[in-house]
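Chains A and B are the protein sequences, given in the same order.
Numbered per the working numbering, the first sequence spans residues 3 to 448.
Numbered per the working numbering, the second sequence spans residues 2 to 810.
Glycine is no exception: its CB is placed at the ideal position from the N, C-alpha and C atoms.
Read through the structure below, which is laid out as structure tokens, and then see the notes.
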Amino acid sequence: MTDAVTEAPKPITSRSDPRFEVTLYAHVGAPGSHTLAYYRAHGGYDAARKALGMTPAEVVDEVKASGLRGRGGAGFPTGVKWSFMPPVDGRQRFLVCNADESEPGSFKDRYLLEDDPHQLIEGMLIGGWAIQATLGVVYVRGEYHHAHERLRVALDEARAEGILGTGVLGSDFDFDLILHRGAGAYICGEETSLMNSFEGLRATPRLKPPFPAQAGVYGLPSTINNVESFCAAVHIVARGAAWHAAMGTDDSKGMKLYQVSGPVRRPGVYEMPMGARFRELIFDLAGGPSERAKAIIPGGSSTPMLPWSDATLDLPMDYGTMAKHNSMLGTGGVIVIPEQKCIVDAIYNLVRFYGHESCGKCTPCREGVATWLPKMYRKLLAGQGTRDDLAVMEDMVKNMRGTAFCPLADACAMPVQASFRHFRHEYEHLADTGTSRYPRRREWAE
Amino acid sequence: MRVKVNDRELELAPGTSVIDAVFAAGYDVPYFCSQAYMSPIGACRMCLARIGAPRKDRDGNWLVDDATGEPKVFFFPTMMATCTTVVMEGMVVDTLSKEVKDAQRGMVEFTLINHPLDCPVCDKGGACELQDRAYEYGTGRSRFVFDKRHQEKHHPLSELITLDRERCIHCKRCVRYFEEVPGDEVLDFIERGGHTYIGTLEEGLPSNFTGNITDICPVGALLDATSRFRGRNWEYDHTFTTSLDDASGSAIVIDARTGRIERIKSGINPEVNKSWIDDGIRFGHEYAGDPERLRRPLLRRGDAFEEASWDEAAAFISERLGGLSGKDVGIAIRADATLEEGVAARALAELIGTGQVDHAPRHGPSLVPVHGATLQDLATATAVIVLGDVTEELPALDLRIKDALKGVSPPPLFAHGVPIADLRLKERMPRARERLTVVAPYRVGLMQHAGRPVVVPVGGEAAWLQAMTDVANGTDPDEGALGMGRAEAQGLVRQWREASKAVMVVGGFVLASAKATDAAAALAKAVGASQLLVPPMANGRGLEITQVLPSHARYDYRGMLAGSAKALLLSGLDPARDPATAARLGACELLVVHDLFLTDTAKLAHVVLPGKSGYEKDGTTVSLEGRFLPVRAAPVDNGEAEDLTGVVKVLGEAFGKRLEGRSVRSARRVLRKELGFDPAELDRLGLLHDLPRRRSGVSVGPRQEATGAALRVPTMVRPEYLARNPRLRAALGDLALRLHPADAAGHDLHDGDEVRVPVDGAPWRLRIVLSEAVPRGVCLVPATPDAPVGRAHVALEQVVHERRALEVA
């Protein structure tokens, strides 16, 4: 392998690579970074101007060539998604930004919205031009009050300066954004539920097909992307697809906002190239675990956990590698689980969350995720469980996998299955002795 | 599309759902949320199967399995819900493997964890989809050891429907039904996750079509309150018949137990009512089991009646008739009589030698349009013109019009019936409102779905139709009558003309006037629309085409009552509410009344004969579209009640004659000759059969038309029986006099007052309902068989309060 790649430069897969430069989060945390004046002073809206000088098809091709994959968790190629839009036919077209960041362990979009709202606006302008949509919707998570406020002010600034509205940035392209605040439902992070919620309907997922490109918001052609995807598009247009594609691994290109939480010394959001390793994130950037750890959740609470080991720490964080190890990159929200924490209790906390957030539309989720599974965990944690109960739980969770209407049931089932895979002994200890192998915190005891 | 289901290959049209492919192949998958005529949503996750399909490479060639050389089948990574998956070329469906069975078993287990297993006391027991599927696909035992969800068990959604929230399995059929079928969004899910339940925003279910949710509920969560706890499903006798409550020809199933009708459910006739009926048909049956029903003939002895045998009654009648000239005898039957009863009435008139035979209510104009439409035409029309209040007059039309607004053609029929999951149907489909124009003298319910609602003055239909015809013909219209600008009228006419199929529905307000009816026909002709004429009662069209008509216009029902007949046989009619008519009836030499109850008219009679309700007759009816449909008798204990063929049999025998209509069979021999087919051979779906318009040269109209500023309006319920239908009455309230609040103020009338008021001189007890939908200066009162839809005089100045509504301080 080493002799074949002499002329092609090695892809950037580490933040310590001198060629790597922080872009998405370059201004997060800087005083006044949320203002239009600051954003303009740092080259703001130049990329949008550049995009408006290209044809929409060229913008889509640029994003396709960059290898950008959706940063909301599923990792669908963004450029390909944009190209799914039907030809312009006079109907209203919508560009939707999914800013309903609700996955436990994920908090990257929050700081983009709070400290760099104009970056999102610029990204959506580029996306709107690419898919020829004149209206955009930003659906902000209900709990993100501060982000909503910053975005509201930013939109007003942008409209006042002719960045949004008729003839944006002096072109003949019209584009405006509708800011919509959610009401605190996790299911609204699912794209079609989000659209139902935006339309004022009950937030339940819709049947696909038709996909949003055919029938999205109000049954009209729509494209929906994550905040980080839009922000990445700004830099792809500004610096070119090749710059973006130079970072990352074979199937995962560009930079990614990784988040790390749990018992580490400096939890937070770190921008790194795709394919960076857990070790770099957790030890070099986050300062290492503050107590002994036993597992890592790699990409937000719904992704299956990996055991804490040297082998795991050396895995590159990209889509393909995570899939190969029966997990997912998800949103890149890494959660470190300490050793002195009962895994059954930790997973019960997640199950409780998903049970609370189930919309109730389909049977496996309503009856399995929201009803039966939390009851089983409560029984187990109350010291009344048996090994038979463990078998029932495993079988029930198997029945929840791939049978539900939307991925919420899978999102609940996957971490449960992973916990059984890696920490079965803790479940058995609890079932056999009635007490946890590790101490339990009583915050959510009922 | 070639699809292989397990071991069977079959060819299916593109767009077919996989669940229909499975059933078409003769296999079975369980399902709860899919429902014929409604959108598939994939919520219950019961119909899971393993599905695979071949793929093409980038050049469009099938990817081939190297071992066999056949296109390689790629299976989806997860189980797929067959109801929401569309068939693909070369698709392979597996419903029998262990994996599939395990998944289905898992779903049954999930569905049952919160479902109370109270089947022994549940009305759905024995006819429950969940019960059947749990036996077939479940494990037979539950691993759920916790408390089940506890929610309200007897929640009255309305007076007619009771909801048991614990039994609900959240299939969403009822919620979708209201949005998709009648378009009345009155029900929705409340809360989420494991706490989800269905409920209403306000009290009750304001829709004319609520009862259908009890048919489609797969469990015992939604139950018909009239039949709750009345019997077990296996105890019911099911009678598949046609409703005689209106002229739609709706298929119904009568469930009777020990001689009593306990409930009515919707039958299935894909070309007529699909699988829906209105609440009037469904819940309006309690009168048939009323304890006051006549069970034996009654003979007058002085001021009182005495029970008698049929032979005694017949002997009495024939003796009285013997002293009268035949032509002085009048025979009038209600227009929901069967064709066989019509033949009997004709035979009796012939025996007596009278031309005074008629059916009532009957409008002057013929009910057979020149260019008739069918209900399927209506459902697929691209322009619909409605004249009148069809939601009340013939609710089945309302639903078919809403089909037309969806613009989805009728589904194909499989061996297993209509598609279980028709993927063309979606939740919250857009409706093409601009296709619908509704014209009525007040704001009717259908107008909220109409692109162009037009409220005309009372009696103003003829002028509006004439003006629109003028617009269509390019002549100068009376612009005042158009109710819209001339340019808009021209646009509307162009839209109707250019529509691929235009249908005009003509209701009673127009049919009550010969002039308006002619104007409607002229407009229909000018814009190329076909017509559906709404008969005032179920078999009006049939009795017209089988000539149950007087020999001369002056011998019609009105003429008989006005004095042309000295002896009268009235079947099902009760004209004595009008004091003048009552006085004349009292002076008749012979009055024979054939009815279910001792009505005001029956009290004046010399002989009262016990009649049968529409649920107890065998016979044939003709719907408004000219469809011949079978009517079958449910096993109801009705004493010695007979329909008109039975009356004619005993009367004939008293005269020593074997008359042609002496039984259903003998009447059918006559009908077979006249119609050219045997009504006994009709199947449940009926037969569209054209007969020429009036064959004889007998003129039966025009009669003198009613006048007045008030309107007798159609109601979904049968007003004559409302007092004996306690549930329906509780849900809908007593018969109402509706007027504009501003008009009420001048007469000291308040919403909910009960008043006595003369309508065309006849006293009525009515409940005041104030509504802005009624124009100023107009009162709406209910139409009855003896005073059909049309204009009337209401003497508001003579209102007497019976009971005032409680004043809220």
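Quiz item: By Cβ distance, which residues of its chain are closer than 8 Å to D21 of chain B, with the 5 residues on each side in sequence left out?
Solution: L13, F415, H417, P420, I421, A422
Practice problem: Note the first and the last residue of the continuous beta strand (DSSP E) segment covering N228 of chain A. | Solution: 224-228
Quiz prompt | Any chain B beta carbon closer than 9 Å to A413 of chain A | solution = no
Quiz item: Hey, is the region 250-258 of chain A in contact with the region 267-279 of chain A, meaning 3+ C-beta pairs nearer than 8 Å?
Solution: yes
Quiz item: Is the beta carbon of P300 of chain A less than 9 Å from the beta carbon of S263 of chain A?
Solution: No. Outside cutoff.
Quiz prompt | Interfacial residues, the region 365-376 of chain A to chain B, with Cβ spacing under 7 Å | solution = T365, P366, R368, E369, G370, A372, T373, W374
Practice problem: Going by DSSP, name the residue or residues bridged to M249 of chain A. | Solution: A:I14
Quiz prompt | 7 Å Cβ cut-off: residues of chain B touching H358 of chain A | solution = G194
Practice problem: Apply the 10 Å Cβ neighbour rule to R56 of chain B and answer buried if 16 or more other Cβ atoms are within range, or exposed otherwise. | Solution: exposed
Quiz item: Can a CB atom of chain A be found closer than 9 Å to the CB of K173 of chain B?
Solution: yes
Quiz item: Under a three-way DSSP split, which group does R685 of chain B fall into?
Solution: coil
Quiz prompt | Residue-level contact to chain B via CB, C361 of chain A, 9 Å cutoff | solution = yes
Quiz item: Between E180 of chain B and H36 of chain A, what straight-line distance do the alpha-carbon atoms span, to the nearest angstrom?
Solution: Cα to Cα, E180 of chain B sits roughly 45 Å from H36 of chain A.
Quiz item: Using CA coordinates, which residue listed in B:G543, B:T470, B:L807 is at the minimum distance from I334 of chain B?
Solution: B:G543
Quiz item: Roughly how many angstroms lie between the CA atoms of A54 of chain B and R46 of chain B, to the nearest whole one?
Solution: If you take the alpha carbons of A54 of chain B and R46 of chain B, they lie about 21 Å apart.
Quiz item: How would you write the range of the beta strand (DSSP E) that A305 of chain B sits in, first residue to last?
Solution: Start and end: 305-308.
Quiz item: Using DSSP with H/G/I as helix, E/B as strand and the rest coil, what is S195 of chain A?
Solution: helix
Quiz item: What does a CB cutoff of less than 8 Å around G356 of chain B pick up in its chain, not counting 5 residues either side in sequence?
Solution: Same-chain partners within the cutoff: K328, A350, P551, S552, H553, Y556.
Quiz item: What are the residues that DSSP puts in a beta bridge with A737 of chain B?
Solution: B:R768
Self-check item: is_contact[D91 of chain A, chain B] using C-beta, thresh 9 Å
Solution: no
Practice problem: Would you mind working out which of B:A482, B:L605, B:R283 sits nearest L161 of chain B, comparing C-alpha positions? | Solution: B:R283
Quiz prompt | For E12 of chain B, the first and last residue of its enclosing beta strand (DSSP E) | solution = 9-12
Practice problem: State yes or no: is the beta carbon of T405 of chain A nearer than 9 Å to at least one beta carbon in chain B? | Solution: yes
Exercise. Take T439 of chain A as the anchor and find which of A:P207, A:L382, A:A406 has the nearest alpha-carbon.
Key: Note that residue 439 of chain A is Arg in the sequence shown here, rather than Thr. Measuring from the Cα of R439 of chain A, the nearest candidate turns out to be A:L382.
Quiz item: Taking the alpha carbon of Y178 of chain B as the point to measure from, which residue in B:A606, B:D404, B:K102, B:V756 has its own alpha carbon closest?
Solution: B:D404
Self-check item: Segments of 4+ residues assigned as alpha helix (DSSP H) that fall wholly inside the region 7-69 of chain B
Solution: 19-25
Exercise. Alpha carbon to alpha carbon, how far is G31 of chain A from V336 of chain A? Give it in angstroms, no decimals.
Key: 21 Å
Quiz item: From B:A527, B:E545, B:L586, B:V665, pick the residue whose C-alpha is nearest to that of G564 of chain B; which is it?
Solution: Taking the Cα of G564 of chain B as reference, the smallest distance to any Cα among B:A527, B:E545, B:L586, B:V665 is reached at B:L586.
Self-check item: Neighbourhood of K149 of chain B by C-beta distance below 8 Å, restricted to the same chain and skipping five residues each side
Solution: I114, N115, H116, P117, E167
Quiz item: Applying a beta-carbon distance threshold of less than 9 Å, which residues of chain A neighbour F76 of chain B?
Solution: Close to F76 of chain B, with beta-carbon spacing below 9 Å, lies no residue of chain A; the smallest spacing is near 12 Å.
Quiz item: What residues of chain A sit near G43 of chain B, judged by a beta carbon separation below 8 Å?
Solution: L209, C364, F407
Quiz item: If you run the structure through DSSP and keep just helix, strand and coil, what is Q152 of chain B?
Solution: Coil, per DSSP.
Exercise. Please work out which residues of its chain come closer than 7 Å, Cβ to Cβ, to L723 of chain B, disregarding the five sequence neighbours upstream and downstream, and give them in chain order.
Key: Result list for L723 of chain B: L729, R730, L736, in chain order.
Quiz item: So, is the C-beta of K66 of chain A closer than 9 Å to a C-beta in chain B?
Solution: no
Exercise. Write down the C-beta distance between S104 of chain A and R143 of chain A rounded to the nearest angstrom, noting that I regard them as a contact closer than 8 Å.
Key: 6 Å
Exercise. Report yes if the C-beta distance between T163 of chain B and H171 of chain B is below 9 Å; otherwise report no.
Key: Contact: no.
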